[in-house]
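For reference, the structure is listed below as C-alpha cells.
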Amino acid sequence: MKLVQPLFYKLTCNNMQNNILRQLYVFVRRKYRVLFKNNFSKRDIELLKDKNFVIVCDNCWAGSVYQWLERPYNSPFISIGFYGDCYIKLLSNFEYYMGLPLNFIKESKYNYREITYPLAKLGDIELHFTHYKTEKEAGTKWTRRTARMLEETNRDNYIFMMSDAWYASEKNFEDFNKLPFKNKISFSINEYKHLNLNNHYPILEKDKKDKNRVPNGVKLFKIMFIYVNLYKWIKLKLDNSLT
C-alpha cells in the first residue's frame, strides 16, 4: 500500500532530465518548508497527538522525526548507524538482540569508514554511534532509551525504517520487506521494481560522496516530504492496526 503521490512529483520523476532544474525544484521546496516549519510541524504534531509509536531505524533519520514532532526519544535507535546485514539480522530476531548487553569494541568488520566514534556490539551486531563522543554517553543513552522502548510491547505500534545510506543491498531490502512487522518503510536510490516492495520509495537525490546510496539520515529526512507524507502514513498504519 502506498499513499497517492502528487502529480507534480510524478512528472518530476518521469520527465525532469535537467539536473539543474531538479536541484532548483528541491531547493525551493525545502526552503519553503524551512520558512514555514512551525506551521508544518504543528500540523503534524496535531495529526499524531493521540498516537503512541516507536521508531526503529538504521541511521540518524529517526532522531530528526522525533525532533520534528517534538517527542521524547522512546527509542534507542537515535543517531546510530547499522550496515545492512547487521540491521536485517537484528530485526530478524529483535527481542533476542534487544535483550543483550551492549559491548564496546575498537575495530569494525566493515571498512567503509574510519572509526572516530564509539563502536559497540549486541552479540554479533555492530552499532556505530556516529554522533556520540564517548562510550559512556552512548551506553547510558542506549540503556535508558531501550527501557523506554520496551515499555511499548505492541509491535504494531513500531515503525521500522531502512535505507541504503549504510550500504544496504538488494537482498537486504528483499529480506526487510519479508519481515513480519506491519509498519515498514524504506528508501533507496534503486526502485527494485522487480521485488514488489511495499512502502518503498526510490530517491533521486544521492549522497554527494557516494552516488550509490541515499544521503545520510538527516539529509534524507529533509527531502523525504517530497516523496511521502510520513505523518499521514504513520496515522494510517496505526489506525489500521486497531481494526
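According to the numbering used here, the sequence shown is numbered sequentially starting from 1. We treat Cβ as the ideally placed atom computed from N, Cα and C, and that holds for glycine.
Cβ-based neighbour list, residue i, same chain, cut-off 7 Å, excluding 5 preceding and 5 following
i: Tyr231; result: Asp44, Leu47 and Leu48
i: Tyr192; result: Glu170, Phe173 and His200
i: Met149; result: Val54, Asn74, Ser75 and Pro76
i: Asn39; result: none
i: Tyr112; result: Tyr167
Residue environment, residue i, which counts as buried when at least 16 other CB atoms sit within 10 Å
i: His194; result: exposed
i: Tyr83; result: buried
i: Tyr96; result: exposed
i: Asn244; result: Summary: the structure shown does not reach residue 244, with the chain confined to residues 1 through 243, and so no result is reported for it.
i: Ala147; result: exposed
i: Tyr132; result: buried
i: Leu220; result: buried
i: Leu244; result: Absent from the model: residue 244. The displayed extent of the chain is 1 to 243, so no value can be given.
i: Ile234; result: buried
i: Ile115; result: exposed
Short Cβ contact (7 Å threshold) for residue i with residue j
i: Gly81; j: Thr140; result: no
i: Leu119; j: Ile105; result: yes
i: Trp176; j: Val214; result: Sequence inspection shows Phe at residue 176; the Trp mentioned does not correspond to that position. Contact: no.
i: Ser79; j: Gly63; result: yes
i: Leu197; j: Trp142; result: no
i: Asn216; j: Ala165; result: yes
i: Cys60; j: Val218; result: yes
i: Lys206; j: Ile189; result: yes
i: Arg71; j: Ile226; result: no
i: Lys51; j: Leu236; result: no
i: Ser108; j: Trp68; result: no
Three-state secondary structure (DSSP) of residue i
i: Phe104; result: strand
i: Leu127; result: strand
i: Leu119; result: strand
i: Gly63; result: helix
i: Met1; result: Confidence at Met1 is low in this model, with a pLDDT of 46, below 50, so the placement of that residue should be treated as unreliable; the coordinate-derived value is given next. Coil.
i: Val218; result: helix
i: Ile55; result: strand
i: Phe247; result: Missing from the structure shown is residue 247; the chain here goes from 1 to 243 and no further.
i: Lys184; result: strand
i: Tyr25; result: helix
i: Gly81; result: strand
i: Tyr110; result: coil
i: Tyr227; result: coil
i: Tyr87; result: helix
i: Tyr73; result: coil
i: Tyr192; result: coil
i: Tyr32; result: helix
i: Tyr132; result: coil
i: Tyr201; result: strand
i: Asp175; result: helix
Beta-carbon proximity list for residue i, same chain, < 6 Å, skipping 5 on both sides
i: Cys86; result: Ile125 and Glu126
i: Leu91; result: Leu179
i: Tyr66; result: Tyr73
i: Met1; result: Low confidence applies here, because Met1 scores a pLDDT of 46, under 50, leaving its location unreliable and the question unanswered by this model.
Sequence-distant residues of the same chain with beta carbon closer than 8 Å to residue i, five excluded per side
i: Val26; result: Glu205, Ile223 and Ile226
Inset, instruction - Say whether the stretch 152 to 167 touches the stretch 183 to 191, bearing in mind that this needs 3 or more beta-carbon pairs closer than 8 Å, one atom from each stretch. - result: Result yes; three or more Cβ-Cβ pairs closer than 8 Å.
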